[in-house]
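First to last, the protein sequences are chains A and B.
Here the first sequence stands for residues 40 to 316, numbered as in my numbering.
Here the second sequence stands for residues 210 to 458, numbered as in my numbering.
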Amino acid sequence: MIGVGYRKDFAEEWENNPDSLSVDFIEVAPENWMNVGGYWKKLFDKKLQDYPLFTHGLSLSIGSPDELDFKFLKDLKTFLDSNNVVIYSEHLSFSKCDNAHLYDLLPVPFTEDAVKHVVKKVKSVQDILERPLVLEIVSYYSPLAAEMKEIDFVNAIVQESDCQLLLDVNNIYVNSFNHGFNPVEFITLLPRDKIAYIHMAGHLQVDDNLIIDTHSEPIINPVYRLFEFSLKWLQKPIPVLLERDFNIPDLKEIQSEINELKRLYNKSLQKEKEHVS
Amino acid sequence: MYLKEKTKRQQSLLAQFTRTGDQTIITHLDGIKVQGIRYYRELIFNIIYDGISNAYPITTNFLSERVMMNLTHQFFSHFKCQTPQVWAMPKEFMDYIIQNQTKLCLKYPFLSDLLLFEWAEIEMFMMPDQPFPNFSEKGNIATDKVVLNPEIQVLYFQYPVHILHPRKIKKKHKGEYFLLAYRHPESKQVIFTELNRFAYLIIEALHQRPLSIEELLKKFFNSYSENEEAIVHFIKQAYENKIILGFAK
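If you want it as structure tokens, here you go:
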């Protein structure tokens, strides 16, 4: 299954020409559509008649020192339930602190106490939403007060909270570049059975030492290669999403990236079948 | 709570840095890469500024990007954004400016009207769909009670920010201006239309409950000089433009 991030930027074009994009599902940030009506919602609702909905939240702030926002969670549950959302994913980061939203994803300190704190919050969220939380390993441009390795931090949270993982292949590539580790090794250390969803995107290298995860460029070849490796390593079909949030090209270009993802996905599934037989 | 004070403080300091850009905070952050941390401030500030300048293009153009960036910086440094929905954040910016930028609002007395006007378009586009009352499209406009479109908002301004460019607005323009914003029930596009005080009162009355022209005349005839013809004309136009949906069942 290959999906695309549904955006207002191309919503009208896709509505007027339904064959211009061929995907298996769509994904939105629930925050952009909760308690919303009107023109854009009308277009969105039409698309929901044809495609299953996956979601990727922005404001849960699971790694925040602040308490969970229970009013937000209540609205979120209503949205997820009423739209038959297949997957609710979020970011292993914080985007709110000292009771102020920041609207971007900041790195949580890789510490034992943060593990316990996040685990407790993940369990609460899963209880309230009555569905598994699929957490994305985020890209980050600096660690903060880290006392353990990122991989140990992620794995401890997954193991103790029983949440699932979103493998954003581009994020792993970006982090490996920014922080100097082997992305293949990092992926193989993740709990394979917990990975429920894959994201693919492009990025922007701003200088010799830093890549910013902009979702504004086409996917580069090394990220495609890491994607191929991940599919082979996972040994099971997993939904894959193409994220394009800025500098959005025409639908033809988006479709060509989707086609490439489909080709690699089908190739890996074929190999898996051959391997099994 | 499991989180140690030290961890909490580090997160709080990073959040403060991204909100204020205060470079002295960086020295208190442990185990960081300075260049990466600085990018967070830049990325977050850009998200806030883009959200605000896109929500208020006329205000941004009028005040200049430099002034708007400065206001964004002050807002984001001092105000704790409460909405989890980034598209709704510019409303908090508007409220902050009106409450805290007294000097600027005195210099430009129409500023609050202008911000409200620009925000109203977003609000009307985004607000949840309202339940539609029972109504019939067929009826007699002269005798039947008419039903108002529930997806409307009446705006009251002291300055004609919906007509004149801010540079052309002078003190002499101070007065009473009513603007109706509504969603077309089929296309869901947002439409603005100017109202006079009498039309505003009719809309307010219909907002309470469906009324016939006769009832509207009874309600307003003593206070206003408008005759039956004027009311019929307004109701007919409102019906054609889908401000009035139809007739009460």
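All C-beta atoms, glycine included, are put in the ideal place defined by N, C-alpha and C.
Endpoints, the alpha helix (DSSP H) within which residue 174 of chain A is located | Sequence index remark: in the first sequence, residue 174 of chain A carries index 135 (1-based). Not the alpha helix (DSSP H): residue 174 of chain A falls in the beta strand (DSSP E), residues 173 to 175.
Exercise for review: With 8 Å as the C-beta to C-beta threshold (strictly closer), list the residues of the stretch 319 to 342 of chain B near chain A in chain order.
Suggested key: With the criterion set as a beta carbon lying under 8 Å from some beta carbon of chain A, the members of the stretch 319 to 342 of chain B are 333, 334, 335, 336, 337, 338, 339, in sequence order.
- Task: Could you name the residues that DSSP lists as bridge partners for residue 392 of chain B?
- Result: Within the second sequence, residue 392 of chain B is the residue found at index 183, counting from 1. Its beta-bridge partners are B:399.
Run through chain A and tell me which residues come within less than 7 Å of residue 446 of chain B, C-beta to C-beta.
Residue mapping note: residue 446 of chain B aligns to position 237 of the second sequence, counting from 1. Here the premise fails: no neighbours, minimum Cβ distance about 23 Å.
| said: Using 8 Å as the cut-off, can you tell me whether the stretch 72 to 82 of chain A makes contact with the stretch 329 to 345 of chain B, which would need three or more C-beta pairs spanning the two stretches below that distance? | reply: yes
**OP:** Out of B:266, B:428, B:229, B:249, point me to the one whose CA is closest to residue 324 of chain B's CA.
**Re:** In the second sequence, the residue the question calls residue 324 of chain B occupies position 115. Out of B:266, B:428, B:229, B:249, B:266 has the C-alpha closest to the C-alpha of residue 324 of chain B.
key: Cβ neighbour criterion (16 or more within 10 Å) applied to residue 351 of chain B   = Along the second sequence, read from residue 1 onward, the residue named residue 351 of chain B stands at position 142. Exposed: under 16 other Cβ atoms inside 10 Å.
Within the 8 Å Cβ cut-off, does residue 224 of chain B reach chain A?
-> Position 15 of the second sequence holds residue 224 of chain B. Cβ-Cβ to chain A under 8 Å: yes for residue 224 of chain B.
Please work out which residues of its chain come closer than 7 Å, Cβ to Cβ, to residue 245 of chain A, disregarding the five sequence neighbours upstream and downstream, and give them in chain order.
Here the question's residue 245 of chain A lines up with position 206 in the first sequence. Sequence-distant partners of residue 245 of chain A (beyond 5 residues in either direction) whose C-beta falls short of 7 Å from its own C-beta, in its chain, are 251.
Q) residue 183 of chain A and residue 223 of chain B look like a contact to me (Cβ under 8 Å); what is the Cβ gap, rounded to whole Å? A) Here residue 183 of chain A refers to the residue found at position 144 when the first sequence is read from its first residue. Here residue 223 of chain B refers to the residue found at position 14 when the second sequence is read from its first residue. Their Cβ separation, rounded to whole angstroms, is 6 Å, which keeps residue 183 of chain A and residue 223 of chain B in contact under 8 Å.
Ignoring anything shorter than 3 residues, give me the beta strand (DSSP E) runs that lie fully in the stretch 195 to 261 of chain A, in order along the chain. 203 to 207, 234 to 239, 243 to 246, 249 to 251
Would you say the stretch 133 to 141 of chain A touches the stretch 164 to 179 of chain A, given that touching needs at least three Cβ pairs under 8 Å?
no
Exercise for the section: Evaluate residue 130 of chain A with the Cβ neighbour count: other Cβ atoms within 10 Å of its Cβ, from every protein chain shown; 16 or more gives buried, anything less gives exposed. Expected result: The count along the first sequence starts at 1 and reaches residue 130 of chain A at position 91. That one is buried.
ask   = Within the 8 Å Cβ cut-off, does residue 236 of chain B reach chain A?
value = Translated into the one-based positions of the second sequence, residue 236 of chain B becomes position 27. No, its Cβ sits nowhere closer than 8 Å to a Cβ of chain A.
Open item on the list: Please report the distance separating the alpha-carbon of residue 186 of chain A from that of residue 150 of chain A.
Closed with: Position 147 of the first sequence, counting from 1, holds the residue named residue 186 of chain A. Position 111 of the first sequence, counting from 1, holds the residue named residue 150 of chain A. Distance between the alpha carbons of residue 186 of chain A and residue 150 of chain A: 5 Å.
Q) For the candidate residues B:410, B:373, B:262, whose alpha-carbon lies nearest to that of residue 319 of chain B? A) Numbered from 1 along the second sequence, position 110 holds the residue referred to as residue 319 of chain B. The candidate whose alpha carbon is nearest that of residue 319 of chain B is B:373.
Requested in this report: Identify each residue in the stretch 228 to 257 of chain B for which the Cβ-Cβ distance to at least one residue of chain A is less than 8 Å, and report them in chain order.
Outcome: 228, 238, 239, 240, 241, 242, 243, 244, 245, 246, 248, 249, 252, 253, 256, 257
Discussion item. Residues in the same chain with beta-carbon distance under 7 Å from residue 272 of chain B, minus the five sequence neighbours each way, listed in chain order, please.
Written reply: Looking up residue 272 of chain B in the second sequence gives position 63. Hits under 7 Å: none found.
message = Can you tell me which residues form a DSSP beta bridge with residue 136 of chain A?
response = As a working mapping, residue 136 of chain A is identified with position 97 in the first sequence. A:139, per the DSSP bridge assignment.
- prompt: Is the beta carbon of residue 355 of chain B less than 8 Å from the beta carbon of residue 453 of chain B?
  reply: As a first step, residue 355 of chain B must be located in the second sequence, where it is residue number 146. As a first step, residue 453 of chain B must be located in the second sequence, where it is residue number 244. Result yes, Cβ atoms of residue 355 of chain B and residue 453 of chain B sit closer than 8 Å.
Using only alpha-carbon positions, find the residue among A:278, A:286, A:66, A:72 that is nearest to residue 295 of chain B.
As a position in the second sequence, residue 295 of chain B is number 86, starting the count at 1. Selection A:278, A:286, A:66, A:72 evaluated against residue 295 of chain B yields A:72 as nearest (Cα-Cα).
Is there contact between the stretch 227 to 243 of chain B and the stretch 157 to 168 of chain A, where contact requires at least three CB pairs shorter than 8 Å? no
Can you pull the chain B neighbours of residue 195 of chain A, defined as C-beta to C-beta under 8 Å? Taking the first residue of the first sequence as position 1, residue 195 of chain A is located at position 156. Result: empty, since nearest Cβ-Cβ is about 12 Å, beyond 8 Å.
State yes or no: is the C-beta of residue 388 of chain B within less than 8 Å of the C-beta of residue 410 of chain B? The sequence position of residue 388 of chain B within the second sequence is 179, counting from 1. The sequence position of residue 410 of chain B within the second sequence is 201, counting from 1. No, these two residues do not count as a Cβ contact at 8 Å.
*Which residues, in order along the stretch 378 to 402 of chain B, keep a beta-carbon less than 8 Å from a beta-carbon of chain A?*
Here the close residues are 392, 396, 397, 398, 399.
So that I know if they touch, is there some Cβ in chain B lying closer than 8 Å to that of residue 152 of chain A? Your numbering for residue 152 of chain A matches position 113 in the first sequence. Chain B, which has a Cβ nearer than 8 Å to the Cβ of residue 152 of chain A, makes this yes.
Need the endpoints of the beta strand (DSSP E) that residue 153 of chain A sits in, please. Along the first sequence, one-based indexing puts residue 153 of chain A at 114. Taken as a continuous stretch (DSSP letters only), residue 153 of chain A belongs to no beta strand (DSSP E), being part of the alpha helix (DSSP H) at 151 to 168.
Q. Going by other Cβ atoms of all chains shown within 10 Å of its Cβ, with 16 needed for buried, is residue 292 of chain A buried or exposed?
A. In the first sequence, counting from the first residue as 1, residue 292 of chain A sits at position 253. Classification of residue 292 of chain A: exposed, given that the 10 Å Cβ count is below 16.
Checklist entry - Would residue 239 of chain A pass as a contact of residue 213 of chain A if the rule is Cβ separation under 8 Å? => result Locating residue 239 of chain A in the first sequence gives position 200, counting from the first residue. Locating residue 213 of chain A in the first sequence gives position 174, counting from the first residue. No, Cβ-Cβ distance for residue 239 of chain A and residue 213 of chain A is not below 8 Å.
Q) Which residues mark the beginning and the end of the beta strand (DSSP E) in which residue 292 of chain B is found? A) By 1-based counting over the second sequence, the position of residue 292 of chain B is 83. No beta strand (DSSP E) contains residue 292 of chain B, which DSSP labels as neither H nor E.
Residue 371 of chain B to residue 114 of chain A span [Cα, whole Å]:
Taking the second sequence and counting its residues from 1, one reaches residue 371 of chain B at position 162. Taking the first sequence and counting its residues from 1, one reaches residue 114 of chain A at position 75. One C-alpha to the other measures close to 34 Å.
Cutoff 8 Å: residue 163 of chain A Cβ touching any chain B Cβ
Here residue 163 of chain A corresponds to residue number 124 of the first sequence, with the count starting at 1. No, because no Cβ of chain B sits closer than 8 Å to the Cβ of residue 163 of chain A.
| Residues of chain A with a CB under 7 Å from the CB of residue 211 of chain B: which are they? | On the second sequence, position 2 is the one that residue 211 of chain B refers to. The answer, in chain order, is 152, 155, 156, 159.
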